[in-house]
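Single-structure report; data block below.
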Amino acid sequence: MTMPLFSLTDISCAYGSTEVLHDLNLTLKINTFYGLVGPNGSGKTTLLDLLMGSHKPSKGTVCFQSTELRKWDQRQLAKEIALVPQEFGFNFDFTVKEMVLMGRHPHIPRFANPTAEDLAIVDNIMAELGIGDLQNRFVTQLSGGEKQRVIVARALAQQTEVLVLDEATSNLDIHHSIHIFQVVKNRVATKGGTVIAAIHDLNFAAAFCDEIILLEQGKVAATGPPETVLTPEGLKAVFGISCQSYFNEFSNAYQVAYQYA
Amino acid sequence: MLKPTCYPILIVGLVIGIIATIVVSTGMGYIHIPVGDVAGVILAKITGSSVDSSINQLYPVVITDVRLPRILTAAIVGSGLAIAGVIFQAILLNPLADPYTLGVSSGAAFGAALALVMNISMLGNFSVGLFAFAGAVMTLFAVLYLSSVDGRYSSNTLILSGVIVAAILSAGIGFIKHLADEQVSVIIFWLMGSFASKTWSDVGITLLFSVFTFALAMFYSRDLNIMSLGVRTSDSLGVDTVRTRKIMLTVASLITAICVSVSGVIGFIGLIIPHLMRFITGPDNRKLLPASCLAGGILLLWADTISRAILPSEVPIGVLTALVGGPFFCYIFRQKQLGGK
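So the sequence lines, in the order shown, correspond to chains V and R. Going by our numbering, the letters in the first sequence line up with residues 1 to 261, in that order. Going by our numbering, the letters in the second sequence line up with residues 1001 to 1341, in that order.
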């Protein structure tokens, strides 16, 4: 048994007087694609913020690579964990290349310029995501799909062990969503690393993730491979819906079919 | 937008521009002094040598004792306000933010007017500045508190909060004027902004704080770029967003307060300059800050020179910048409402 990447022990987490996570225990291992699913308000984003170190638990400990997360230097942590948020945050006319280069920020000393290696990393990642041709365009002028690829490229340019995706493709058209998840999945398969993705679409989660973490009202309802977590009984209990789950040969993945009426 | 390779040319051009502006404007005024004589006197003062005997003996006195303190103060205050504008715009993710639109200038003015009318001098020459700083910081916190939801500031609520707080403060300033009696003209004149009868100690204090603010902003300039991506993302890129934001807002308020305590309320420099420079340098704060700093100095110095030496009678500088800057603000605001950049 290898050492766990993250271990969360007896975590409670609150915003003001509202407790979002209650006595949560969770262990995450390396080189795994995790999907975080659960209804709105079940604590997905809070759990991700906890893993990123940007929200402190009111009780319990979060350990990353055997060291308590709060003892990590923020800049060091940025070399280990990258985030792809749902919103773009493009307020100023930076070019695509400048934006992706911001992913190298934790690796570049304060008054240094990016090295040839930094620029090569950025060029490779832009090519991989198919945004190389856009590198001199302003990020504010891109389409939604292009913007999201820029954000993913920026996070990948951080070259971290862990990639956190917070509903990263919820606002995108289906072909953009599939493309982004394929790129991320391929990277994990070829270069290793761990992905923790909060995903709205259960079939997406089932198709791309090795393990599913199902949250319900601030607690972990179930964890395991998709076929053991996304069961009709489990989904009935958490989401209150009727569904069937089965292996779909065309999708080449375990999938969920919903009863609509 | 300018090619990256042209950036040094821009900076050299602006440096030449500000030196030329200082020399030319020093020659302008009631007593006209030829540019060559101005340059001769300034060079002699800097190198410590004696002034050429062919130059009118009155000129060195007019230049070093009367005009240069005013001119340098105007240029430095212009730079300081422009730096404050860059910082506010970067931190609040909002190209409409500046010391004036956020009400920070009004807060500083309120604090300073209070110190003036109450004849507070417990801290000597720093009393007015200190009260201005306290007023500026309190106003900033009030405006941010009114307009923020979960640490986010939308443009419109921010501007609106600035308007509300500034309105309350202007009533407060009105009350102080009412109480001021014979001192009222001092306050009124000062509120409209003026560089008249500035001294070398004004030059010194504004220079000290401008250099400090500029250096600190340059130190954090790359973090400011990253912070434009929003709190969550900038945290994930290793920037201590909350701490950096606090430091930057404090120094931007400080430099605003210093400028207001020295020269009164001068609006829109901090809005227009970063905006114009961003078209030329792009949004990268490492380039935007030096360019805005120099351009702010040039613009405010020309505005003051026009008011002092060209117009038939002197218009208060704050009135002049508001008359020119106000319509420009309307233009930007409208563009933003229409979804343009």
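Here a beta-carbon is modelled for each residue, glycine too, at the ideal position from N, C-alpha and C. As the structure is a prediction and not an experimental result, all values here were calculated from the model.
Can residue 256(V) and residue 202(V) be called in contact, C-beta distance under 7 Å? Within the first sequence, the letter at position 256 stands for residue 256(V). Within the first sequence, the letter at position 202 stands for residue 202(V). Yes, the Cβ-Cβ distance between residue 256(V) and residue 202(V) is below 7 Å.
Separation of residue 43(V) from residue 58(V), as counted between CA atoms: Within the first sequence, the letter at position 58 stands for residue 58(V). Within the first sequence, the letter at position 43 stands for residue 43(V). Those two C-alpha atoms are separated by around 14 Å.
Helix, strand or coil for residue 195(V) per DSSP? Here the question's residue 195(V) lines up with position 195 in the first sequence. Residue 195(V): strand per DSSP, three-state reduction.
List the endpoints of the continuous beta strand (DSSP E) containing residue 82(V). Here the question's residue 82(V) lines up with position 82 in the first sequence. Residue 82(V) -> beta strand (DSSP E) spans 81-84.
For the segment 216-233 of chain V against the segment 192-206 of chain V, are there 3 or more C-beta pairs whose distance is under 8 Å? yes
If the cut is a Cβ gap below 9 Å, which residues of chain V does residue 1274(R) touch? Counting from one through the second sequence, the residue named residue 1274(R) turns up at place 274. By Cβ distance, chain V contributes nothing, its closest Cβ being about 11 Å from residue 1274(R), past 9 Å.
Going straight from the alpha carbon of residue 1138(R) to that of residue 211(V), what length do you get? Here the question's residue 1138(R) lines up with position 138 in the second sequence. Here the question's residue 211(V) lines up with position 211 in the first sequence. Roughly 51 Å separates the two Cα atoms.
Short check: CB of residue 1257(R) to CB of residue 1110(R), under 7 Å? In the second sequence, the residue the question calls residue 1257(R) occupies position 257. In the second sequence, the residue the question calls residue 1110(R) occupies position 110. No, they are not a contact pair.
Any C-beta of chain R sitting closer than 7 Å to the C-beta of residue 74(V)? Along the first sequence, one-based indexing puts residue 74(V) at 74. Yes, because at least one Cβ of chain R sits closer than 7 Å to the Cβ of residue 74(V).
In the DSSP output, what is residue 248(V) paired with across the bridge? Here residue 248(V) refers to the residue found at position 248 of the first sequence. DSSP output for residue 248(V) lists 253(V) as bridge partner(s).
Scan the segment 228-239 of chain V for residues whose Cβ lies nearer than 9 Å to a Cβ of chain R and list them as they occur along the chain. none
Mind checking whether residue 1298(R) and residue 1018(R) have CB atoms under 7 Å apart? Here residue 1298(R) corresponds to residue number 298 of the second sequence, with the count starting at 1. Here residue 1018(R) corresponds to residue number 18 of the second sequence, with the count starting at 1. In this structure, residue 1018(R) lies closer than 7 Å to residue 1298(R) by Cβ.
For chain V, is any of its Cβ atoms less than 7 Å away from the one on residue 1226(R)? Here residue 1226(R) refers to the residue found at position 226 when the second sequence is read from its first residue. Yes, residue 1226(R) counts as interfacial toward chain V.
Within chain R, partners of residue 110(V) - CB distance below 8 Å: Stepping through the first sequence from its first residue, residue 110(V) is reached at position 110. Under the 8 Å cutoff, chain R gives 1219 and 1222.
Could you please give the first and the last residue of the uninterrupted beta strand (DSSP E) stretch that includes residue 33(V)? The residue labelled residue 33(V) in the question sits at position 33 within the first sequence. Here the beta strand (DSSP E) through residue 33(V) covers 33-37.
Using three-state DSSP, classify residue 22(V) as helix, strand or coil. Within the first sequence, the letter at position 22 stands for residue 22(V). Residue 22(V): strand per DSSP, three-state reduction.
Listing by chain order, which chain R residues have their CB less than 9 Å from the CB of residue 82(V)? Sequence index remark: in the first sequence, residue 82(V) carries index 82 (1-based). Near residue 82(V) (Cβ distances below 9 Å), the residues of chain R are 1236 and 1237.
Under 9 Å by beta carbon: chain R residues contacting residue 198(V): Residue numbering aside, residue 198(V) sits at position 198 when the first sequence is read from its first letter. Ordered by position in chain R, no residue passes the 9 Å Cβ test against residue 198(V), which lies about 13 Å from the chain.
CB of residue 115(V) within 7 Å of CB of residue 61(V), strictly: Sequence index remark: in the first sequence, residue 115(V) carries index 115 (1-based). Sequence index remark: in the first sequence, residue 61(V) carries index 61 (1-based). It is not a contact, given that the beta carbons lie outside the stated cut-off.
Per DSSP, what kind of secondary structure is residue 173(V) in: helix, strand or coil? Along the first sequence, one-based indexing puts residue 173(V) at 173. Of the three classes helix, strand and coil, the one that applies to residue 173(V) here is coil, per DSSP.
Per-residue DSSP class, three states only, for residue 1341(R): For the purposes of this step, residue 1341(R) is taken as the residue at position 341 of the second sequence. Here residue 1341(R) scores only 44 on pLDDT, less than 50, and its place in the model is too uncertain to base an answer on.
Closer than 8 Å is the cut-off here; do at least three beta carbon pairs connect the segment 75-94 of chain V with the segment 153-166 of chain V? yes
Residue 11(V) by DSSP, collapsed to three states: which one? Position 11 of the first sequence, counting from 1, holds the residue named residue 11(V). Correct three-state label for residue 11(V): strand.
For residue 942(R), is the classification buried or exposed, using 16 other Cβ atoms within 10 angstroms of its Cβ as the cut-off for buried? Given that chain R is displayed from residue 1001 to residue 1341, the structure contains no residue 942(R) and the question cannot be resolved.
For residue 102(V), count the other beta carbons within 10 Å of its own beta carbon; 16 or more makes it buried, fewer makes it exposed. Which is it? In the first sequence, residue 102(V) corresponds to position 102, counting from 1. Buried is the call here.
For residue 1031(R) versus residue 1066(R), is the C-beta distance shorter than 7 Å? Locating residue 1031(R) in the second sequence gives position 31, counting from the first residue. Locating residue 1066(R) in the second sequence gives position 66, counting from the first residue. Taking 7 Å as the Cβ cut-off, residue 1031(R) and residue 1066(R) do not qualify as a contacting pair.
Would you say residue 1107(R) faces chain V, with C-beta separation under 7 Å as the test? Residue numbering aside, residue 1107(R) sits at position 107 when the second sequence is read from its first letter. No, its Cβ sits nowhere closer than 7 Å to a Cβ of chain V.
Quick test of your reading: residue 1169(R) and residue 1103(R), contact by CB under 8 Å. State the CB separation rounded to the nearest angstrom. The count along the second sequence starts at 1 and reaches residue 1169(R) at position 169. The count along the second sequence starts at 1 and reaches residue 1103(R) at position 103. That pair is a contact at about 7 Å.
Assuming residue 1237(R) and residue 1226(R) are in contact, meaning their beta carbons sit under 8 Å apart, how far apart are those beta carbons, in whole angstroms? By 1-based counting over the second sequence, the position of residue 1237(R) is 237. By 1-based counting over the second sequence, the position of residue 1226(R) is 226. Their Cβ separation, rounded to whole angstroms, is 5 Å, which keeps residue 1237(R) and residue 1226(R) in contact under 8 Å.
Which runs of the alpha helix (DSSP H) fall wholly inside the segment 1087-1168 of chain R and span at least 4 residues, in chain order? 1104-1117 and 1127-1147
Determine, using beta carbons only, whether residue 96(V) and residue 152(V) come nearer to each other than 7 Å. Here the question's residue 96(V) lines up with position 96 in the first sequence. Here the question's residue 152(V) lines up with position 152 in the first sequence. For residue 96(V) and residue 152(V), no; Cβs fall outside 7 Å.
Is it true that the segment 1202-1216 of chain R meets the segment 1331-1338 of chain R, where meeting means three or more beta-carbon pairs spaced less than 8 Å apart? no
From the DSSP output, which residues share a beta bridge with residue 163(V)? By one-based count along the first sequence, residue 163(V) stands at place 163. 82(V) and 195(V), per the DSSP bridge assignment.
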